[in-house]
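Only one structure is covered here, and it is reproduced in the block below.
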Amino acid sequence: MIVAALAVPFVVGLLLVLGRRFVSGRAAAWIGVAATTVSLVLVAAVWEGREGVSGEVDVAWIEPVGARLHLGLTAVSWPFALMTAFIAVLCCLWLVADDTSPALVGLVLVIGASALGVFGSLDALLLFVFFELALVPMWFVIAWWSDADRDVAHRAATRFLLFTVTGSALLLVGIVVAAVEGGSLELTALRPTAVAIVLITLGFAVKTPVVPLHTWLPDAHSSAPTVGSVLLASVFLKLGTYGLIVFVLPSDHLGVVAPYLAVAGSVGIVWSALACYAQDDLKRLIAYSSIGHMGFVVLAISTRSEAGLAAAVFGSVAHGVITGLLFFAAGSMKDRYGTTSMAGIGRGLYGRAPWLAATFVLAAVASLGLPGLAGFWGEVLSLRAAYDVGSVLTRPVAWTALGLALVGIALTTAYVVRAVRLLAQGEPSALEADRDLGRREVVVMGALVAVVVVLGLVPQLLLDLYGPVYVGVAR
């Protein structure tokens with residue numbers, strides 16, 4: 049079933065791109081909804097329990113180098129795959145509009161299927177191939193369906209591609225070094241050397257992104273269309289964190305890079321909060337906030353502990369859902385007001401579009417980490433992991449990172465309150481009857497709101513899949 053879950057959206061996506069002149073945008077979007085729904089059902093159905101590998105397929109591929117078409121979902125990869133399939137359905141549903149391009153729908157399907165391939169790969173080379181398959185379609189989404197000026201969009205897309213290709217080159221060299229030293233490309237048997245783990249860490253750090261390798265992200269988000277931003281935040285960034293979890297976290301040489309990850313992650317939390325406070329563009333604000341959220345995930349990974357693994361997986365999934373909701377809300381504002389500038393949108397959104405305002409505020413406080421919502425648990429578990437130090441960090445490094453993270457939380461509160469005040473509160477300059485959420489928006493954002501609330505109130509639904517576990521389950 050895992051093969052079908054990948055193949056259905058991938059093949060349908062290619063057909064939509066190639067046959068874009070023979071199908072309307074609305075029909076293409078509904079075809080995309082059908083294909084991604086099939087994929088979501090298959091990913092959900094493949095789950096056989098937390099022990100072992102679900103839906104395993106293992107076939108010889110490139111025998112001279114020992115590469116295999118080895119696919120399956122583990123207790124760690126299944127939540128990532130399920131979230132990816134879910135987000136892909138919502139992105140296609142969002143595109144159900146008269147002016148949607150069939151090619152854009154097709155690229156969304158290809159990106160989603162490629163990400164599923166990353167999460168389902170149990171062979172390092174196969175994982176890398178799927179990793180790269182997502183890059184070029186994302187470049188086209190940013191460059192050709194941008195909300196920004198075409199030249200600006202092309203520069204942002206090219207910068208995205210240059211950064212990620214550089215990261216991919218480092219990752220490939222690291223995988224080759226690890227395979228040569230260990231004699232296998234299987235993730236369960238891969239034993240990266242210290243040099244390999246540094247290269248692999250840098251490769252995934254670009255895609256996470258980890259400070260200071262993050263500079264491509266804000267421009268990419270501000271240029272991308274709504275579904276492009278959602279895919280970047282909810283799916284593409286998770287390729288980086290997932291890679292760190294399965295390659296770096298279980299490694300015997302994690303101690304070589306753990307101090308850097310802890311410090312870079314915690315500095316990223318503080319720095320991103322300061323950058324968010326200075327933003328007027330809502331999409332850039334959300335983009336910078338993602339760097340902070342990924343900082344918590346990276347800090348958790350650096351501890352190599354059960355709490356750290358739980359924080360990394362839960363925090364990644366929670367960020368994907370919450371930030372996807374934020375970008376959909378920003379897209380709704382752009383559709384109504386023609387801008388994502390908070391000054392341009394104006395104050396008093398509660399008085400003009402109350403349901404849109406309520407959705408944005410809920411997503412914002414979930415991003416802040418309000419108890420009872422999904423964002424809370426990833427942050428708390430990450431702080432707990434740093435406090436407990438873990439097995440590879442020294443106490444001074446872990447507690448310094450913990451202190452920086454706490455400062456970052458305080459600063460995050462400031463920029464979230466500022467954004468809510470600028471957009472939702474206050475008297476609007478004119479109380480015109482703005483169009484509130486339509487049916488499509490209610491379904492898409494309502495589904496994400498439900499997940500944010502359910503995971504916040506019942507975190508065991510996710511935590512029980514892989515915790516308490518030993519670190520080796522990441523493989």
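In our numbering, the protein residues as written are 49 to 523. Where is the CB? At the ideal position from N, CA and C, for every residue including glycine. Note that the coordinates shown come from a computational prediction; the quantities given were computed from them, not determined experimentally.
Could you have a look at L418 and say whether DSSP puts it in helix, strand or coil? As a position in the sequence shown, residue 418 is number 370, starting the count at 1. L418: coil per DSSP, three-state reduction.
With DSSP run on the structure shown, which of helix, strand or coil describes R239? The residue you call residue 239 lines up with position 191 of the sequence shown. In this structure, R239 counts as coil in the three-state DSSP scheme.
With A411 and L373 assumed to form a contact (beta carbons below 8 Å), what rounded beta-carbon distance in angstroms separates them? In the sequence shown, the residue the question calls residue 411 occupies position 363. In the sequence shown, the residue the question calls residue 373 occupies position 325. A Cβ-Cβ distance of about 4 Å is found for the pair A411 and L373, placing them in contact under the 8 Å criterion.
For the alpha helix (DSSP H) containing S87, list its first residue and its last residue. Residue mapping note: residue 87 aligns to position 39 of the sequence shown, counting from 1. Where S87 is concerned, the enclosing alpha helix (DSSP H) stretches over 73–93.
Considering only DSSP beta bridges, list what A123 is partnered with. Here residue 123 corresponds to residue number 75 of the sequence shown, with the count starting at 1. A123 is not bridged to any residue.
Compute the Euclidean distance between the alpha carbons of A326 and L90, then round it to the nearest angstrom. Locating residue 326 in the sequence shown gives position 278, counting from the first residue. Locating residue 90 in the sequence shown gives position 42, counting from the first residue. Cα-Cα distance, rounded: 43 Å.
In this structure, does DSSP put L117 in helix, strand or coil? One-based indexing of the sequence shown puts residue 117 at position 69. DSSP places L117 in strand when its eight states are reduced to three.
Specify, as a first and last residue, the run of the beta strand (DSSP E) that V259 falls within. The residue given as residue 259 occupies position 211 in the sequence shown. No beta strand (DSSP E) contains V259, which DSSP labels as neither H nor E.
For P112, is the classification buried or exposed, using 16 other Cβ atoms within 10 angstroms of its Cβ as the cut-off for buried? Counting from one through the sequence shown, the residue named residue 112 turns up at place 64. With fewer than 16 other Cβ atoms within 10 Å, it is exposed.
Could you tell me which of S338, L471, R466, D197 sits nearest to G396, measuring between CA atoms? Within the sequence shown, residue 396 is the residue found at index 348, counting from 1. Distances from the CA of G396 to each of S338, L471, R466, D197 were compared; the closest alpha carbon is that of L471.
When G426, V346, T461 are compared against L416, the one with the closest alpha-carbon: Looking up residue 416 in the sequence shown gives position 368. It is T461 whose Cα lies nearest to the Cα of L416.
Put D512 into one of helix, strand or coil per three-state DSSP. As a position in the sequence shown, residue 512 is number 464, starting the count at 1. Reduced to three states, the DSSP call for D512 is helix.
Looking at the secondary structure, which residues open and close the beta strand (DSSP E) in which D106 lies? Position 58 of the sequence shown, counted from the start, is the residue given in the question as residue 106. Unbroken beta strand (DSSP E) run through D106: 102–110.
Within the same chain, show all residues whose beta-carbon is closer than 8 Å to that of L454, passing over the 5 residues directly before and after it, in chain order. As a position in the sequence shown, residue 454 is number 406, starting the count at 1. Contacts found: L431.
Rounded C-alpha distance that separates L452 from M131: Against the sequence shown, residue 452 aligns to sequence position 404. Against the sequence shown, residue 131 aligns to sequence position 83. One alpha carbon belongs to L452, the other to M131, and they sit about 30 Å apart.
Under three-state DSSP, which class holds L479? Here residue 479 corresponds to residue number 431 of the sequence shown, with the count starting at 1. Note that L479 scores 45 on pLDDT, short of 50, meaning its location in the model is unreliable; the coordinates nonetheless yield the value given after this. In this structure, L479 counts as coil in the three-state DSSP scheme.
Comparing C-alpha positions only, which one of L152, V501, P257 sits nearest to T64? In the sequence shown, the residue the question calls residue 64 occupies position 16. The sequence given here places Leu at residue 64; Thr does not occur at that position. Nearest of L152, V501, P257 to L64, Cα basis: L152.
Find the nearest neighbour of G230 within the set I245, L218, S216, A217, judged by alpha-carbon distance. The residue given as residue 230 occupies position 182 in the sequence shown. The option with the nearest alpha carbon to G230 is I245.
Should I110 go down as buried or exposed, given a rule of 16 or more other Cβ atoms within 10 Å for buried? The residue labelled residue 110 in the question sits at position 62 within the sequence shown. It is exposed - the Cβ of I110 has fewer than 16 other Cβ atoms within 10 Å.
Among C324, R332, D436, L429, which residue has its Cα nearest to the Cα of A458? The residue given as residue 458 occupies position 410 in the sequence shown. Nearest of C324, R332, D436, L429 to A458, Cα basis: C324.
Length of the line joining the Cα atoms of V304 and L220: Position 256 of the sequence shown, counted from the first residue, corresponds to residue 304. Position 172 of the sequence shown, counted from the first residue, corresponds to residue 220. Their Cα atoms are separated by approximately 19 Å.
DSSP state of D329 mapped onto helix, strand, coil: If you number the sequence shown from 1, residue 329 lands on position 281. In the structure shown, D329 sits in a strand (DSSP, three-state: E or B).
Reference V501; option with closest CA among S232, T388, I370: Working through the sequence shown from its first residue, we reach residue 501 at position 453. Looking at the Cα atoms, I370 is the closest of the given residues.
Cut-off 6 Å between Cβ atoms - residues of its own chain near G343, not counting five sequence neighbours on either side: Working through the sequence shown from its first residue, we reach residue 343 at position 295. Closer than 6 Å at the Cβ level, and outside the excluded window around G343, lie G313, G316, I317.
Straight-line Cα distance separating G426 from S364: By one-based count along the sequence shown, residue 364 stands at place 316. By one-based count along the sequence shown, residue 426 stands at place 378. Roughly 8 Å between the two C-alpha positions.
Check whether the Cβ atoms of A268 and A348 lie closer than 9 Å to each other. In the sequence shown, the residue the question calls residue 268 occupies position 220. In the sequence shown, the residue the question calls residue 348 occupies position 300. Contact: no.
Let me confirm a value: G486 is counted as buried when at least 16 other C-beta atoms fall within 10 Å, else exposed. Which label applies? Stepping through the sequence shown from its first residue, residue 486 is reached at position 438. When all chains shown are included, G486 counts as exposed.
Below 7 Å CB to CB, which residues in the same chain sit around P127 once its five sequence neighbours on both sides are set aside? Counting from 1 along the sequence shown, the entry for residue 127 is found at position 79. So the qualifying residues of the chain are V361, V365, L510, L513.
Kindly indicate the opening and closing residues of the alpha helix (DSSP H) around L181. Position 133 of the sequence shown holds residue 181. Boundaries of the alpha helix (DSSP H) harbouring L181: 172–181, taken from the DSSP string.
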